[in-house]
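Encoded as structure tokens, the structure appears first; notes follow it.
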Amino acid sequence: MASEPASPPEPPAPEEGSPEPSPPAPGPHPSNPLGRVPILLYHRIGETEGRWQRTPEGLYADLEQMYEAGFRPIRLRDYLDGRIDLPPGYAPVILTFDDSTAGHLAWDEPGKPAAGSAAGVIQRFAAEHPGWEATAVFFINAGAFGGDSEAKAAWLVENGFEVENHTWSHADLAALDAAAAAREAGRMSAWIEAATGRAPVALALPYGRRPRDAAAVLAGSCEDHQFRHQALLEVGWGPARSPLDPEWDPLRLPRIQVADPGEVDASDLPYIWASWLERLLESGDLFAH
Ligand SMILES: [Zn+2]
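When we follow our numbering, the leftmost residue of the sequence shown carries the number 3, and every step to the right adds one.
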């Protein structure tokens with residue numbers, strides 16, 4: 003009777019205290035430097051699902067689905083600089099939250115985000131999922147986050163999030179003359195720089211409405227503050243291009259709204275994230291190294 007084959011040698015046990023991280027396994031997506039980069043748009047985070055509201059559980063489930071599908075978050079600033087530092091095979095995604103409502107960042111105690119707020123959900127998700135960094139972009143207005151605005155904006159930047167411009171009063175920029183549009187952009191930029199130590203580089207257009215003259219909100223001065231934005235973000239309706247794509251236009255960056263499909267009219271349904279995710283995975287038109 004043949005003897006049992008010798009079992010292969012056991013891999014050596016890791017040494018106590020040795021640095022553990024081995025390089026992450028490659029992700030599922032083939033290299034595609036001209037593939038699309040989805041920039042997701044959330045509005046309120048609250049207790050029920052709605053057309054403009056996601057629950058904390060819904061947000062967590064979205065992140066789980068992205069994680070499983072081989073997405074990893076990147077910072078908007080890196081994307082604008084053409085720097086997508088992800089391991090091979092992972093598709094970048096940029097999470098954005100507009101309107102700085104209280105559900106985006108509420109405190110349990112100062113400096114400790116409530117578990118049900120967007121920042122709290124993202125931090126918990128990142129802690130539970132290796133390779134997922136706690137980052138997202140908050141496009142804010144005056145009176146951000148329903149109180150303690152300066153401390154919250156500063157906390158976000160200190161903790162790896164980005165705070166960007168959504169105008170001072172959520173203004174319809176198409177309805178303003180150039181001087182008034184510049185004031186809306188400049189006053190909010192000055193506030194963000196004072197609160198966080200870092201001036202914004204991107205402006206999300208309220209209602210997706212473009213100013214008559216985009217130059218007015220791109221660069222200028224407001225009292226003694228110089229502002230400069232290198233990107234304008236829209237409110238719909240599809241994935242953005244790779245920064246390496248010759249047709250990439252940072253002054254017209256589309257986003258994809260996230261909502262429970264059950265809350266969305268049939269006419270909008272093809273344009274929300276659930277639908278785009280399916281199509282993008284099917285076509286494979288996603289950026290990856
Ligand atoms: Zn808005």
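Glycine included, C-beta positions come from ideal geometry on N, C-alpha and C. Predicted model only: the values in this text are computed from it and were never measured.
By Cβ distance, which residues of its chain are closer than 7 Å to residue i, with the 5 residues on each side in sequence left out?
{"i": "Phe-147", "result": "Ser-102, Ala-104, His-106, Leu-107 and Lys-154"}
{"i": "Val-266", "result": "Arg-53 and Ile-274"}
{"i": "Ile-86", "result": "Ile-76, Asp-80, Pro-94 and Phe-289"}
{"i": "Arg-254", "result": "Leu-234 and Glu-236"}
{"i": "Asp-287", "result": "Gly-37 and Arg-38"}
Ignore the nearest five residues each way along the sequence and tell me which others in residue i's own chain have a CB closer than 8 Å to its CB.
{"i": "Ile-258", "result": "Pro-40, Ile-41, Leu-42, Leu-43, Gly-238, Trp-239, Gly-240, Pro-241, Tyr-273, Ile-274, Trp-275 and Trp-278"}
Can you find a heavy atom of ligand 1 that lies under 6 Å from the Cβ of residue i?
{"i": "Pro-208", "result": "yes"}
{"i": "Asp-101", "result": "yes"}
Within 10 Å of its beta-carbon, does residue i have 16 or more other beta-carbons around it, so buried, or fewer, so exposed?
{"i": "Asp-100", "result": "buried"}
{"i": "Gly-113", "result": "exposed"}
{"i": "Ser-24", "result": "exposed"}
{"i": "Arg-56", "result": "buried"}
{"i": "Asp-110", "result": "exposed"}
{"i": "Ser-191", "result": "buried"}
{"i": "Glu-249", "result": "exposed"}
{"i": "Arg-230", "result": "exposed"}
{"i": "Gly-222", "result": "buried"}
Going by beta-carbon coordinates alone, are residue i and residue j separated by less than 7 Å?
{"i": "Gly-84", "j": "Pro-252", "result": "no"}
{"i": "Glu-164", "j": "Val-139", "result": "yes"}
{"i": "His-172", "j": "Pro-208", "result": "yes"}
{"i": "Ala-180", "j": "Asp-215", "result": "yes"}
Note down, in chain order, each residue of its chain lying with its Cβ closer than 6 Å to the Cβ of residue i, except the 5 sequence neighbours on either side.
{"i": "Ile-124", "result": "Ala-136 and Ala-138"}
{"i": "Gly-122", "result": "Pro-115 and Ala-116"}
{"i": "Gly-29", "result": "Gly-72, Gly-91 and Tyr-92"}
Restricting to runs no shorter than 3 residues, where is the beta strand (DSSP E) found entirely within the segment 157-225? 164-167, 204-206 and 221-224
Return the chain-ordered ranges of every alpha helix (DSSP H) run that is complete within the segment 92-146 and spans a minimum of 4 residues. 120-130
Going residue by residue through the segment 216-288, where are the continuous beta strand (DSSP E) segments of at least 3 residues, counting only ones entirely within it? 221-224, 227-230, 233-239 and 255-259
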